[in-house]
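Q:
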Amino acid sequence: MHLSSQSAVECGIAINRSYRSMRNNILFAATAVIGLAVAGAGAADAKGCIKGAAVGGVAGHVAGHHGMAGAAVGCAVGHHEANKKAKDTTTTNAPPQNGG
Numbered sequence: 006m007h008l009s010s011q012s013a014v015e016c017g018i019a020i021n022r023s024y025r026s027m028r029n030n031i032l033f034a035a036t037a038v039i040g041l042a043v044a045g046a047g048a049a050d051a052k053g054c055i056k057g058a059a060v061g062g063v064a065g066h067v068a069g070h071h072g073m074a075g076a077a078v079g080c081a082v083g084h085h086e087a088n089k090k091a092k093d094t095t096t097t098n099a100p101p102q103n104g105g
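Residue 105, in this note's numbering, is where the sequence shown stops; the numbers in between run on with no holes.
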């Protein structure tokens, strides 16, 4: 049985759509798991993560459809910056130490 070139191309398109659908399902599941993990961590632990994830997701998408990676890195950077800001705030509000 010989396939015409048109049916072979259609078969390739169907496989590509199937792969894309499977990939999207895996990304959705991974996103759901990460989202639940962040939600379970508590609001105090997630400071800066949501804002950083939003910015990183957009930047990653624009930089070549890497929104998930951008969101993950953005979350980490946002969390780090929030911790750094909180540390700076506590040190500037601390009472002065006596010299001796």
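Note that the Cβ used here is the ideal one computed from N, Cα and C, for glycine as well.
Residue range of the alpha helix (DSSP H) that ALA81 falls in?
A: In the sequence shown, counting from the first residue as 1, residue 81 sits at position 76. First-last of the alpha helix (DSSP H) with ALA81: 72–97.
Q: Going by C-alpha to C-alpha distance, which of LYS56, THR94, HIS71 and ALA91 sits closest to ALA81?
A: Start at 1 with the first residue of the sequence shown, and residue 81 comes out as number 76. Taking only the C-alpha atoms, the option nearest ALA81 is LYS56.
Q: Could you name the residues of the same chain whose beta carbon sits closer than 7 angstroms to that of GLY53, not counting the 5 residues immediately before and after it, in chain order?
A: Position 48 of the sequence shown holds residue 53. Same-chain partners within the cutoff: GLY83, HIS84, GLU86 and ALA87.
Q: So what's LYS56 in DSSP terms, helix, strand or just coil?
A: Along the sequence shown, read from residue 1 onward, the residue named residue 56 stands at position 51. Three-state DSSP puts LYS56 in a helix.
Q: Skipping 5 residues on each side, what residues in its chain have a beta carbon closer than 6 angstroms to that of ALA58?
A: What you label residue 58 is simply residue 53 of the sequence shown in a count that begins at 1. Only ALA76, GLY79 and CYS80 meet the Cβ criterion.
Q: Taking only the alpha-carbon atoms, compute the straight-line gap between ALA37 and MET73 and give it to the nearest angstrom.
A: Along the sequence shown, one-based indexing puts residue 37 at 32. Along the sequence shown, one-based indexing puts residue 73 at 68. Roughly 12 angstroms between the two C-alpha positions.
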